[in-house]
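Read top to bottom, the protein sequences are chains G and C. According to this note's numbering, the first sequence is numbered sequentially starting from 1. According to this note's numbering, the second sequence is numbered sequentially starting from 1001. We treat Cβ as the ideally placed atom computed from N, Cα and C, and that holds for glycine. Everything numeric in this text was worked out from a predicted model, so none of it was measured.
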Amino acid sequence: MSTVELNSQEQNPYLTKAMPDEFPLLKKRQKTWFGRKRDMLVLFSLLFIFVILICAIFADQISPYRPEYQERGKGVAWQDPSATHWLGTDGLGRDFLSRLIHGARVTVVLAVGVTVFQLSIGLTLGVLSGFFGGWTDFIIMRVADLLYAFPGLLLIILVVSVVDTLPRILTAFIVITLISWPDVTRLTRAQVLSLKQREFVDSARVMGASSRHIIIKHLFPNFIRPIAALVPLGMALVILSESSLSFLGLGVQPPGASWGNMINEVGVHFRTSPWMILAPSMSLVFTVLSLNYVSDWLLDE
Amino acid sequence: MNFVLRRILFFIPALLGVVIVTFIIGRLAPGDPFQQLIGLGVDNETIAELRHHYGFDQPLWLQLFTYLGNLAQGDLGISFAKANMRVVDIIQMSIGPTLLVGVLSITLGSLMGVWFGLWSALRRGKLADKVITAAVSFFGAMPGFVLSYFMIWGMAVGLKWLPPGGWGKPENIIMPVIVAALAPAAFVARVCRSSMVEVLRQEYVTVARAKGLSPFHIMRWHVLKNGFIPVITVIGPLAGRSITGLFFVERIFGIPGLTSLTIDSIPSRDYSVIQASTLMLATIFIIINLLVDILNTMIDPRTRSIG
């Protein structure tokens, strides 16, 4: 137990706050957010992610039109931005802004959903593999190896194109989850393997603690931090996969809106109105960038 | 050399695994290519006969063995959608463009990545470093299809320097290769920068400087030799990224390669072609990984004991 406390004290931000009086050189370090360095880019990233989240949750309230609503009449398609259609309309006369906002919903639902399942599978298998070793470890790691032998998107495309009993986006959801757990598992396994040899595990065992107790009370609090820091990065990868699939026509099916299939639909008429591509692609790029920055920031201790 | 042999031996089960996975996914699919014939007015007996002829009524494991046997003889079956076409011929036609664009873009991407990574490591904290780092995270976050459209917008629609798409002429290849190279370049630059910064910080570099060795000598023998090891390691996974990148590049620029073949065969449920093209792509991926692993052990003997 004592080792755990010592270890957590090393990372305790309050302790470093008290230090500058003795070490003036450390004064600069005091300016932190949650014990990490200040960074305006991270602030913007967090703000952007927050805006995207709000768009996703309140999509129906915020967007001026229904995403599938098509205006009737002449000249409704490919309208330039105006007061009634802030971002113009697409080839079928649908309000582009509304589609963009609803596209955020798909992105967020998929990113969060996949991450939840990926973490549950990945953490469980990683702990099993690292803590118990032996045959469990061997089988889990060989399956992970096999999944690594395939370029990810290729496997997703293969499965999604072949399975047509489920809606494609649901298939994509399942397959992305099923191929993304090995990353979490490897990381967890490595952490557990090194933590297992620390003294506090032996002490706990000597005191008669069960494996379950050791895993939940002693190992979990120690290995969850580096893994949590990688969560935004994993989300960025999921978002990229989803938009790629939707772009190829294998994700969200029309008339549903997703940033990927919006880019595809606009891309057909790319030469007449190239700027239409800006809104969905920049939403996508900035979301991914923001998540990457946040992940970098969390990792940087 | 013993190590190389072991790597090659591991290559066989990996390849077999990929074959089996592609086969099973293809066969687990609901329905088969003949089902759509019902809509064309073909009666059930003919369809049953066709199923029997192509072995679709046999148990799955038997089909797998037949498939593996045929595969060993270089026979990938016939296309179900394109009349009188052998899958081998279709694959042969489209593997060229994919390999050309793929190999060129990985090479260009690695070179660009190393160049910019080194540049920003040597100018750490200066303007060049900041610009390169920002560009690296921007291009790293940008999916291939977005990048392709921006390239077309600038190069073909705006400046009219290059054709927006098509295949066959030498100038057709420039834009796809650049687009496909940028993502790997960003990745390599990131790894290269951090690795070089780490090496430049080492004591042996300071010692070499203190000894008065020429900067060129230090770079060549102390910095590059050690700094390149992580860079070469990531070129394997990079191949995977490039292959997935090709899906968009080939589609947007209209290149008749393996990935467009895969996507185009999906609506017609041409499973034999989908299976074969996926298999080819995965095989290319595995071979590149194998080559990189072998190259890696030749450069850095320390990694030999792991494998």
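Any contact between the segment 1073 to 1083 of chain C and the segment 1269 to 1277 of chain C? By contact I mean 3 or more CB pairs, one from each, below 8 angstroms. yes
Please report the Cβ distance between L1162/C and A1156/C, rounded to the nearest whole angstrom; I am assuming they are in contact, meaning their Cβ atoms lie under 8 angstroms. Position 162 of the second sequence holds residue 1162/C. Position 156 of the second sequence holds residue 1156/C. For L1162/C against A1156/C, the beta-carbon gap comes to about 6 angstroms, under 8 angstroms, which counts as contact.
Is N1334/C buried or exposed, if buried means 16 or more other CB atoms sit within 10 Å of its CB? A query on residue 1334/C cannot be resolved here, the shown segment of chain C reaching from 1001 to 1307 and no further.
Give the residues from the segment 247 to 277 of chain G that approach chain C closer than 7 angstroms (Cβ to any Cβ), ordered along the chain. F247, L248, I263, G267, F270, R271, P274 and I277
With a floor of 4 residues, list each alpha helix (DSSP H) that falls wholly inside the segment 1130 to 1211 of chain C, ordered by position along the chain. 1144 to 1151, 1174 to 1200 and 1203 to 1210
Give a yes or no on whether the minimum CB-CB distance between Y1149/C and chain G is below 8 angstroms. For the purposes of this step, residue 1149/C is taken as residue 149 along the second sequence, with counting starting at 1. It does: the Cβ of Y1149/C has a partner Cβ on chain G nearer than 8 angstroms.
Just tell me which of Q197/G, R189/G, V201/G and F150/G has its CA closest to the CA of L178/G. For the purposes of this step, residue 178/G is taken as residue 178 along the first sequence, with counting starting at 1. Here the closest residue by C-alpha is F150/G.
Closest by CA to I140/G, which one among L92/G, R189/G, L153/G and M282/G? The residue given as residue 140/G occupies position 140 in the first sequence. The candidate whose alpha carbon is nearest that of I140/G is R189/G.
Rounded C-beta distance between I1235/C and I1299/C? I'm assuming under 8 angstroms. For the purposes of this step, residue 1235/C is taken as residue 235 along the second sequence, with counting starting at 1. For the purposes of this step, residue 1299/C is taken as residue 299 along the second sequence, with counting starting at 1. Wrong, their Cβ atoms sit about 12 angstroms apart, outside the cutoff.
Rounded to whole angstroms, what's the CA-CA distance from A1066/C to K1169/C? Just pull it up for me. Locating residue 1066/C in the second sequence gives position 66, counting from the first residue. Locating residue 1169/C in the second sequence gives position 169, counting from the first residue. A quick correction: the sequence has Thr, not Ala, at residue 1066/C. Spanning the two alpha carbons is a distance of roughly 41 angstroms.
Of all Cβ atoms in chain G, is any one closer than 8 angstroms to the Cβ of A1282/C? The count along the second sequence starts at 1 and reaches residue 1282/C at position 282. Yes, A1282/C lies at the interface with chain G (some Cβ there is under 8 angstroms from its Cβ).
Please list, in chain order, the chain C residues whose beta carbon lies closer than 8 angstroms to that of V184/G. The residue given as residue 184/G occupies position 184 in the first sequence. Simply none; closest approach about 17 angstroms.
Along the segment 1152 to 1171 of chain C, where does the CB come closer than 8 angstroms to a CB of chain G? Name the residues. I1152, W1153, V1157 and P1164
Go through its chain and collect everything with a Cβ distance to M1085/C's Cβ below 6 angstroms, but skip five positions before and after it. For this step, residue 1085/C is matched to residue 85 along the second sequence. For M1085/C, where only same-chain residues beyond five positions count, the Cβ hits under 6 angstroms are S1079.
Spatial neighbours of L1100/C within its chain, please: C-beta separation below 8 angstroms, excluding the five flanking residues on both sides. Working through the second sequence from its first residue, we reach residue 1100/C at position 100. For L1100/C, same chain residues with a beta-carbon under 8 angstroms away, outside a window of 5 residues either side, are I1173 in chain order.
Which full runs of the alpha helix (DSSP H) of 4+ residues lie inside the segment 210 to 239 of chain G, going along the chain? 220 to 229
Span separating the alpha-carbon of A204/G from that of K196/G: In the first sequence, counting from the first residue as 1, residue 204/G sits at position 204. In the first sequence, counting from the first residue as 1, residue 196/G sits at position 196. Whole-angstrom Cα-Cα distance: 11 angstroms.
I need the straight-line Cα distance from I1008/C to F50/G, nearest angstrom please. One-based indexing of the second sequence puts residue 1008/C at position 8. One-based indexing of the first sequence puts residue 50/G at position 50. Roughly 49 angstroms separates the two Cα atoms.
Determine the contact status of I1274/C and T1262/C, defining contact as a CB-CB distance below 8 angstroms. Here residue 1274/C refers to the residue found at position 274 when the second sequence is read from its first residue. Here residue 1262/C refers to the residue found at position 262 when the second sequence is read from its first residue. Result yes, Cβ atoms of I1274/C and T1262/C sit closer than 8 angstroms.
Determine, using beta carbons only, whether T124/G and G234/G come nearer to each other than 8 angstroms. For this step, residue 124/G is matched to residue 124 along the first sequence. For this step, residue 234/G is matched to residue 234 along the first sequence. Not in contact: T124/G and G234/G (Cβ atoms no closer than 8 angstroms).
For F1034/C versus L1060/C, is the C-beta spacing smaller than 8 angstroms? For the purposes of this step, residue 1034/C is taken as residue 34 along the second sequence, with counting starting at 1. For the purposes of this step, residue 1060/C is taken as residue 60 along the second sequence, with counting starting at 1. No; because the gap between Cβ atoms is not below 8 angstroms, this pair is not in contact.
What separation, rounded to the nearest whole angstrom, lies between the Cα atoms of I1095/C and L1016/C? Within the second sequence, numbered from 1, the residue matching residue 1095/C stands at position 95. Within the second sequence, numbered from 1, the residue matching residue 1016/C stands at position 16. When rounded, the distance between both Cα atoms is 21 angstroms.
Rounded to whole angstroms, how far is the Cβ of W181/G from the Cβ of G122/G, which I believe are closer than 8 angstroms? Walking along the first sequence from the start, residue 181/G turns up at place 181. Walking along the first sequence from the start, residue 122/G turns up at place 122. 4 angstroms between Cβ atoms; contact.
May I ask you to check if the CB of F1138/C is nearer than 7 angstroms to at least one heavy atom of the ligand HEM? Annotation note on the ligand HEM: not contained in the displayed structure, which lists no ligands.
In terms of alpha-carbon separation, which member of I1025/C, M1093/C and M1196/C lies closest to A1121/C? Residue numbering aside, residue 1121/C sits at position 121 when the second sequence is read from its first letter. Closest by alpha carbon: M1196/C.
On the criterion of 16 or more Cβ atoms from any shown chain inside 10 Å, does K194/G qualify as buried, or is it exposed? Along the first sequence, one-based indexing puts residue 194/G at 194. Per the sequence presented here, residue 194/G reads as Ser, with Lys not at that position. S194/G comes out exposed.
List, in chain order, every chain G residue whose beta-carbon is nearer than 8 angstroms to that of I1146/C. Mapped onto the second sequence, residue 1146/C falls at position 146. According to the sequence as given, residue 1146/C is Val; it is not Ile. Within 8 angstroms Cβ-Cβ: I263, I277, S281, L284 and V285.
For S1195/C, which residues in chain G fall below 8 angstroms Cβ to Cβ? Along the second sequence, one-based indexing puts residue 1195/C at 195. Near S1195/C there are no residues of chain G at all, since even the closest Cβ is about 17 angstroms away, more than 8 angstroms.
If you follow the alpha helix (DSSP H) that E199/G is in, where does it begin and where does it stop? Translated into positions along the first sequence, residue 199/G becomes position 199. Counting along the chain, E199/G sits inside the alpha helix (DSSP H) bounded by residues E199 to V206.
Could you give the distance in angstroms between the alpha-carbon of F1003/C and the alpha-carbon of G134/G? Along the second sequence, read from residue 1 onward, the residue named residue 1003/C stands at position 3. Along the first sequence, read from residue 1 onward, the residue named residue 134/G stands at position 134. Each residue's alpha carbon lies about 25 angstroms from the other.
Would you please state the rounded distance, in angstroms, between the beta carbons of P1143/C and S244/G? I believe it to be under 8 angstroms. Position 143 of the second sequence, counting from 1, holds the residue named residue 1143/C. Position 244 of the first sequence, counting from 1, holds the residue named residue 244/G. Between S244/G and P1143/C the Cβ distance is about 6 angstroms, and since that is below 8 angstroms, they are a contact.
Relative to the C-alpha of L41/G, which residue among G1074/C, I1106/C, F1187/C and S1137/C is closest? Against the first sequence, residue 41/G aligns to sequence position 41. Nearest option by C-alpha distance: S1137/C.
Please decide whether A1141/C counts as near chain G, where near means a Cβ-Cβ distance under 8 angstroms. Numbered from 1 along the second sequence, position 141 holds the residue referred to as residue 1141/C. Answer yes: the Cβ-Cβ gap between A1141/C and chain G drops below 8 angstroms somewhere.
Quick one: Cα of Y306/G to Cα of P232/G, how far? This structure does not reach residue 306/G, given that chain G is present from 1 up to 301, and the question cannot be answered.
How do the segment 271 to 290 of chain G and the segment 203 to 223 of chain G stand: do at least 3 beta-carbon pairs fall below 8 angstroms, yes or no? Because the criterion of three Cβ pairs below 8 angstroms is not met, the segment 271 to 290 of chain G and the segment 203 to 223 of chain G do not touch.
Roughly how many angstroms lie between the CA atoms of F220/G and R212/G, to the nearest whole one? Against the first sequence, residue 220/G aligns to sequence position 220. Against the first sequence, residue 212/G aligns to sequence position 212. Near 11 angstroms, if we compare the C-alpha coordinates of R212/G and F220/G.
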